[in-house]
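Colleague: Dumping the structure here so I can ask a few things about it.
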């Protein structure tokens with residue numbers, strides 16, 4: 001748009017990699033685990049650089065995640081980005097959904113199915129691959145439950161770079177075709193996502209993959225930061241306010257922690273006032289893969305891996321990397337976690353579609369079903385403003401509802417047939 | 001966004017309905033054919049009202065089609081809209097696609113798969129249903145080849161209004177489920193789209209459908225205007241310039257005529273300078289349904305209906321309502337038309353995906369394949385800036401490419417298996 005400015009931001013505000021376990025710092029590089037304690041790393045920022053960011057600067061930026069470039073570890077220079085320009089997806093007002101489930105305060109659906117490859121993964125991939133190119137990587141890869149595969153393959157196609165994507169062999173057809181069509185290498189693994197992930201952790205150490213950035217392995221700290229943009233956008237779209245409650249689906253658990261991190265940063269750097277009662281973060285899992293919610297329910301912060309089952313395949317990470325951090329976030333903010341079984345997930349997809357016009361993939365069904373449970377159980381305050389996150393597109397998981405919905409009438413093309421079918425009263 | 005203004009525009013600039021055949025004018029109402037000559041009607045505007053519109057006013061508007069409300073027949077007041085807020089979809093630079101097909105000038109893909117229900121139909125439905133509500137209709141309907149069905153059902157769901165959608169019985173599963181999930185009535189007709197359309201023309205005259213707006217029948221003049229927003233956006237996204245060449249898929253032929261109308265209006269009202277050599281409009285059909293292109297190739301402006309076949313179902317209108325107008329537009333601007341067979345369509349989808357990261361439905365494959373033919377035949381100037389329109393989403397027509405693409409490797413989850421498969425050099 002001619003009305004916006006997408007000029008290079010001076011430099012990255014990222015300062016170091018810091019261990020989430022022991023706090024040791026490392027220089028910015030393609031490193032994902034602490035050399036001291038093997039804990040996961042995340043990006044640490046220069047507080048002075050973050051404090052210089054203004055609302056006006058963000059609002060004048062491009063209509064995508066890069067308006068927040070001054071709060072991200074990479075992508076400050078538009079010319080250096082590897083991106084499909086995701087983000088600034090709709091925040092949909094959902095009064096009919098609120099009424100249906102007994103919420104009496106404003107309810108919003110943050111609809112990330114509107115991203116270029118129709119899931120929130122475009123955000124994390126854009127940040128990871130932009131960082132990866134800056135670090136000298138020339139080939140792009142991932143271990144994926146599906147949406148990430150779509151996104152990495154599409155990003156690589158637009159950038160003209162080779163890609164190699166690893167998926168479990170039993171993925172939904174929508175996600176397989178939507179990766180393969182971009183023409184990179186696509187490796188189906190005879191095993192679960194956790195098996196795929198383990199193999200990628202081994203491949204990344206080989207000489208043959210030295211030039212390859214696995215977005216969620218060796219450049220994971222950058223990748224994870226991309227999820228912060230979901231939190232930034234919700235706050236900006238609410239008129240620079242943080243909602244009282246958010247309900248977020250969990251696979252690795254990382255999305256949930258990063259939305260919370262985004263809210264905290266906005267308050268710290270003075271872009272948003274802290275809401276009086278703080279904000280509560282709620283997590284949603286599928287009953288077929290609920291290790292994080294189960295640990296929380298058991299009063300533990302130790303997540304015991306499970307073998308995932310069920311239709312919410314994009315959430316089927318049985319050994320979630322950020323599970324303990326998700327529990328910490330939910331506990332600290334006064335939220336809760338719950339999970340939904342396959343029938344509840346299907347009903348959640350339909351309820352969301354019928355009340356908002358948003359057709360979600362199974363992960364969205366999980367989140368809506370869990371929202372409903374949290375209201376019913378009294379864990380979620382029905383009088384407080386709530387944002388629920390839909391992270392993917394119903395077209396990718398058609399089978400979930402294909403047996404439940406269809407034409408209400410089948411007739412021949414005549415007025416008489418329409419009358420016989422009751423369409424004319 | 002807090003940086004934009006979505007305040008009511010004073011009043012609609014629409015002045016009357018005017019017959020495209022004989023020029024007779026009628027008051028604005030739910031009328032779609034001329035009482036004098038039975039010709040189709042379109043919206044006539046107050047030139048003084050259009051002339052008051054400024055670039056600054058548009059640029060300060062919302063990030064969707066309603067930024068152009070002052071150039072549309074309905075939707076001036078945000079509170080009165082029936083809408084999913086479509087539009088402002090990406091204009092994607094496509095240098096690798098240009099190189100692959102021998103274009104040596106800038107090539108852009110206007111990617112309307114980014115709309116809320118992932119086709120350009122959200123634009124026309126938003127304008128049609130907003131006008132319809134203003135005219136007093138309480139139920140929303142359409143005859144559809146699929147994308148329109150998705151859009152009408154989703155719009156009705158968000159608006160909390162009843163819907164009744166008529167589709168041919170053999171539609172792609174993706175389009176059936178994505179309509180049915182919204183919970184309205186969905187009537188599958190044992191016949192072609194043209195049969196469906198005829199039945200709807202009869203139903204609209206019955207007492208039982210008196211309260212029902214068929215977006216592409218009784219409120220068609222409003223509906224068609226929604227397509228103008230595609231032309232406005234392309235010009236604005238190019239920095240208020242009109243490209244030398246546009247390539248547009250044709251079903252009824254109306255989209256093509258309205259993009260041309262949008263360009264003409266922008267020049268007339270002074271928002272854009274007329275390009276030195278004008279602009280050329282090119283039309284794309286599927287070989288299985290090519291009545292408009294065939295008429296042009298035969299030097300005729302009489303479109304002889306056909307019985308459609310082939311995989312590009314969203315373009316399968318055998319008796320296209322605006323065919324003669326499309327021929328007039330293409331002839332007047334010095335463009336041309338061509339068509340692509342099913343294999344060429346599939347190859348077009350893959351070529352677009354691999355070079356741009358955009359996964360199109362079959363209609364997009366048609367357009368890319370025809371673009372390629374137009375360059376090869378010399379009809380399209382390879383030295384002139386070109387915009388090609390992708391009107392829909394690949395996820396809705398997965399079957400088109402599902403047999404052609406898939407995993408490149410299938411292995412067990414071990415380094416040894418990866419080595420045996422050649423993944424380690």
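Residue numbers (full-length UniProt numbering), protein chains in the order written: chain A, 1 to 425; chain B, 1 to 425. Idealized CB from N, CA, C, for every residue including glycine. Note that the structure is predicted; figures quoted are calculated from it, not measured.
What number of angstroms, rounded off, separates the C-alpha of residue 33 of chain A from the C-alpha of residue 223 of chain A?
Modeller: The alpha-carbon atoms of residue 33 of chain A and residue 223 of chain A are separated by roughly 14 Å.
Colleague: Leaving out five residues before and five after residue 226 of chain A in sequence, what residues of the same chain have Cβ atoms less than 6 Å from its Cβ?
Modeller: The residues are 123, 124 and 127.
Colleague: In whole angstroms, what separates the C-alpha of residue 422 of chain A from that of residue 121 of chain B?
Modeller: Distance between the alpha carbons of residue 422 of chain A and residue 121 of chain B is about 28 Å.
Colleague: Do the segment 381-390 of chain B and the segment 159-175 of chain A touch if we need at least three Cβ pairs shorter than 8 Å?
Modeller: Flag = no, the segment 381-390 of chain B and the segment 159-175 of chain A do not touch.
Colleague: Assuming residue 209 of chain B is part of the alpha helix (DSSP H), what are its boundary residues?
Modeller: Per DSSP, residue 209 of chain B belongs to no alpha helix (DSSP H) and is neither H nor E.
Colleague: Helix, strand or coil for residue 292 of chain B? Go by DSSP, reduced to three states.
Modeller: Residue 292 of chain B: helix per DSSP, three-state reduction.
Colleague: Is DSSP giving residue 41 of chain B helix, strand or coil here?
Modeller: Of the three classes helix, strand and coil, the one that applies to residue 41 of chain B here is strand, per DSSP.
Colleague: Once DSSP output is grouped into helix, strand and coil, what is the label at residue 72 of chain A?
Modeller: Note: residue 72 of chain A maps to coil in three-state DSSP.
Colleague: Quick check on residue 272 of chain B - is its C-beta less than 8 Å from some C-beta in chain A?
Modeller: It does not: the Cβ of residue 272 of chain B has no partner Cβ on chain A nearer than 8 Å.
Colleague: In the DSSP output, what is residue 110 of chain A paired with across the bridge?
Modeller: In the DSSP output, where bridge partners are listed per residue, residue 110 of chain A has A/91 and A/389.
Colleague: Determine, using beta carbons only, whether residue 291 of chain A and residue 306 of chain A come nearer to each other than 8 Å.
Modeller: Taking 8 Å as the Cβ cut-off, residue 291 of chain A and residue 306 of chain A qualify as a contacting pair.
Colleague: Does the separation of the CB atoms of residue 284 of chain A and residue 228 of chain A fall below 8 Å?
Modeller: No; because the gap between Cβ atoms is not below 8 Å, this pair is not in contact.
Colleague: Does the Cβ-Cβ distance between residue 272 of chain B and residue 242 of chain B come in under 8 Å?
Modeller: In contact: residue 272 of chain B and residue 242 of chain B (Cβ atoms closer than 8 Å).
Colleague: Return the bridge partner residues of residue 22 of chain B from the DSSP annotation.
Modeller: DSSP lists no partner for residue 22 of chain B.
Colleague: Chain A partners of residue 202 of chain B, CB-CB under 7 Å?
Modeller: The contacting residues are 415.
Colleague: Can you grab the Cα-Cα spacing for the pair residue 328 of chain B / residue 301 of chain B, in whole Å?
Modeller: Approximately 8 Å between the Cα atoms of the pair.
Colleague: State the DSSP-derived secondary structure class of residue 119 of chain B, mapped to helix, strand or coil.
Modeller: Correct three-state label for residue 119 of chain B: strand.
Colleague: Where do the ends of the beta strand (DSSP E) carrying residue 222 of chain B lie?
Modeller: Run containing residue 222 of chain B: none in the beta strand (DSSP E); it sits in the alpha helix (DSSP H), 220-225.
Colleague: Counting Cβ pairs closer than 8 Å, one from the segment 359-377 of chain A and one from the segment 337-345 of chain A, do we hit at least three?
Modeller: Contact holds: three or more Cβ-Cβ distances are below 8 Å.
Colleague: For the alpha helix (DSSP H) containing residue 435 of chain A, name the first residue and the last one.
Modeller: Limits of chain A in this structure are 1 at one end and 425 at the other, which puts residue 435 of chain A out of reach.
Colleague: Could you have a look at residue 155 of chain B and say whether DSSP puts it in helix, strand or coil?
Modeller: The answer is helix: DSSP assigns residue 155 of chain B an H, G or I state.
Colleague: With a threshold of 8 Å, are at least 3 pairs of Cβ atoms found where one atom belongs to the segment 320-334 of chain B and the other to the segment 346-358 of chain B?
Modeller: No: the two stretches stay apart, fewer than three of their Cβ pairs being nearer than 8 Å.
Colleague: What is the DSSP secondary structure of residue 444 of chain A, reduced to helix, strand or coil?
Modeller: Lying before the first or after the last residue shown, residue 444 of chain A is absent from chain A, which here runs from 1 to 425.
Colleague: Within 8 Å (strictly less), CB to CB, does residue 182 of chain B reach chain A?
Modeller: With 8 Å as the cut-off, residue 182 of chain B counts as an interface residue toward chain A.
Colleague: Whose Cβ in chain A lies nearer than 9 Å to the Cβ of residue 401 of chain B?
Modeller: What residue 401 of chain B touches in chain A: 177, 180 and 181.
Colleague: Return the first residue and the last residue of the alpha helix (DSSP H) that residue 346 of chain B is part of.
Modeller: Looking at the DSSP string, the run of the alpha helix (DSSP H) that includes residue 346 of chain B is 342-356.
Colleague: Using a Cβ cut-off of 7 Å, which residues of the segment 203-230 of chain A contact any Cβ in chain B, in chain order?
Modeller: Cβ contacts with chain B come from 203, 206 and 208.
Colleague: Against chain B, with Cβ distances strictly below 8 Å, would residue 367 of chain A count as a contact?
Modeller: No, its Cβ sits nowhere closer than 8 Å to a Cβ of chain B.
Colleague: Determine, using beta carbons only, whether residue 89 of chain A and residue 114 of chain A come nearer to each other than 8 Å.
Modeller: Yes, Cβ-Cβ distance for residue 89 of chain A and residue 114 of chain A is below 8 Å.
Colleague: Under 8 Å Cβ to Cβ from residue 333 of chain A, same chain only, skipping five residues before and after it: list those, please.
Modeller: Excluding residues within five positions, the ones whose Cβ falls inside 8 Å are 260, 278, 279, 280 and 281.
Colleague: Does the Cβ-Cβ distance between residue 41 of chain B and residue 67 of chain B come in under 8 Å?
Modeller: Not in contact: residue 41 of chain B and residue 67 of chain B (Cβ atoms no closer than 8 Å).
Colleague: Does the segment 77-88 of chain B touch the segment 56-66 of chain B, meaning 3 or more C-beta pairs lie closer than 8 Å?
Modeller: As far as the Cβ criterion goes, the segment 56-66 of chain B touches the segment 77-88 of chain B, which means the pair count is three or higher.
Colleague: In chain B, which residues lie with their C-beta within 8 Å of the C-beta of residue 411 of chain A?
Modeller: Simply 187, 188, 189 and 190.
Colleague: Is it a yes or a no for the segment 207-219 of chain B touching the segment 100-108 of chain B, going by three-plus beta-carbon pairs under 8 Å?
Modeller: The segment 207-219 of chain B vs the segment 100-108 of chain B: no contact.
Colleague: Let's see if you can read the secondary structure: which residues bound the alpha helix (DSSP H) around residue 163 of chain A?
Modeller: It is not in any alpha helix (DSSP H) - residue 163 of chain A instead sits in the beta strand (DSSP E) that spans 163-168.
Colleague: Is it right to say residue 251 of chain A is buried, meaning 16 or more other beta carbons lie within 10 angstroms of its own, or is it exposed?
Modeller: That one is buried.
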